[in-house]
Ligand code: EPU
């Protein structure tokens, strides 16, 4: 297992290109199951989660080819599709559940392994099941697998979700594109990745309105066609790299960055004393003088502060002037980075869904362990600002969601390298 070695080395200055969004690509790829014609995604990120989704689609009978070193993915579901998503692949990545809606729409039945819990929470599937049941699917759990059947095909319906789940919105919208009649999803999630999915489905001939609002209306069509679609910018990778100069000082331009993808996050950076300006090619982030100010953060569904940036924001607030409170409202167990940051000298108290961070002047390097994707990158950010060396182990989590992280940070003057086999 590889580790990442980071040495605190002063301000960062330079330019970082932001990749296409992992979480958009992971829902755009299963959309290929909705059409017999090829779907091509450009601006795809090169990540292990994308390779896992590739394996899953291939196991279902989809032909997948990667061009331009993985930046372009072409998929074709023209041949017979196998309805079974096997536990061996699904257990590696929860987003595998995004084949459920498309398989049901395409075949009228699907057998998809339950993903199981993960480090950040139990993450049940009840909202997905209720949403697809509203479209006429009968779903039962047998031997760890969801067996879903829609005799006579899916039928349009009005459904309100109990919580605006991102994945359940994606499954419902994809399934409803081929259902008979009109479907309306209320309390839908509004994340940019859903807006991107709808833009792609529309290119494929779907009739959808209201994406980015809490009510999405889908008019079912008989068939969808092939399309080519560019994956939206990864707002979480963007926010992560915006925090690098915020933590270390300096000035970094993030190419492809957009404030509208991260408005709540940008407001918090502003309150902390970090300057964010729009440039012709993205966003420029700078911290010139002095310590950052403490700010309170509550994670919420979009357009609120993203849970996927909470760990990285905590790394920033560890050295802020004053006390900050972070409240995690999306996942019940997403503070596993706090004890690791404390090994670096951070002063944090965690109680239930709240973490209180008392800013210290400096963190000190230490060996630490990554527990999940966003936690791992928060430890790297903290290490960049700490005195001495930080060795982050278990970085396979990092490779799920960040491409070429060492290269991108090194280009701005960071001292960071991968150490094989730790
Ligand atoms: N939930 C349920 N029942 C369900 C579905 C969700 O109780 O049927 C709960 C979850 O347990 C969680 C909350 O609802 O507490 C939010 O879950 P949601 O379904 O919105 O999240 P998701 O679709 O599983 C996506 C991202 C996550 C991101 C969340 C929230 C993908 C592939 N994953 O997950 O990304 O944190 O939305 O924004 O899109 C990451 O990239 O590090 C990551 C974890």
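In the working numbering, the protein residues as written are 6 to 427. C-beta atoms are modelled at their ideal positions from N, C-alpha and C, and glycine is treated no differently.
Query, Result
"Inter-residue spacing [alpha-carbon to alpha-carbon] between residue 350 and residue 376", "18 Å"
"Contact test: residue 287 Cβ vs ligand 1 heavy atom, cutoff 6 Å", "no"
"Beta-ladder partner(s) of residue 421, from DSSP", "11"
"Per-residue DSSP class, three states only, for residue 89", "strand"
"Beta-carbon separation (whole angstroms), residue 48 vs residue 76, contact threshold 8 Å", "7 Å"
"Span separating the alpha-carbon of residue 318 from that of residue 297", "12 Å"
"Inter-residue Cα distance where the pair is residue 44 and residue 17", "39 Å"
"Of the listed residues 307, 301 and 310, nearest to residue 328 (C-alpha basis)", "301"
"7 Å Cβ shell around residue 176 - same chain, five flanking residues per side excluded", "103, 105, 106, 133, 136 and 137"
"Inter-residue spacing [alpha-carbon to alpha-carbon] between residue 371 and residue 394", "6 Å"
"Residue ranges of each alpha helix (DSSP H) within the stretch 192 to 229, 4 or longer", "197 to 208"
"Start-to-end residues for the beta strand (DSSP E) that takes in residue 275", "No beta strand (DSSP E) holds residue 275; the alpha helix (DSSP H) holding it covers 268 to 277."
"Distance cut-off 6 Å: residue 376 Cβ against heavy atoms of ligand 1", "no"
"Alpha-carbon spacing of residue 367 relative to residue 401, whole angstroms", "28 Å"
"Rounded straight-line distance, which links the Cα of residue 25 to that of residue 235", "8 Å"
"The beta strand (DSSP E) enclosing residue 143, as first and last residue numbers", "143 to 147"
"Residue 153 beta carbon less than 7 Å from that of residue 181", "no"
"CB of residue 222 within 7 Å of CB of residue 193, strictly", "no"
"The stretch 307 to 321 in contact with the stretch 382 to 399 per 3-pair CB rule at 8 Å", "yes"
"Which of helix, strand or coil DSSP assigns to residue 319", "helix"
"Cβ-heavy atom distance, residue 270 to ligand 1, below 6 Å", "no"
"For residue 264 and residue 342, the rounded distance between their alpha carbons", "27 Å"
"Residue 197: CB within 6 Å of a non-hydrogen atom of ligand 1", "no"
"Exposure of residue 129, with buried meaning 16 or more beta-carbon neighbours within 10 Å", "exposed"
"Residue 31 beta carbon near ligand 1 (any heavy atom closer than 6 Å)", "yes"
"Chain-order list of residues whose beta-carbon lies under 7 Å from that of residue 224 (same chain, five-residue window excluded)", "187 and 212"
"Cβ-based burial, residue 164 [other Cβ within 10 Å; buried from 16]", "buried"
"Distance between beta carbons of residue 246 and residue 421, contact taken as under 8 Å", "That belief does not hold up - the Cβ atoms of residue 421 and residue 246 are roughly 13 Å apart, past 8 Å."
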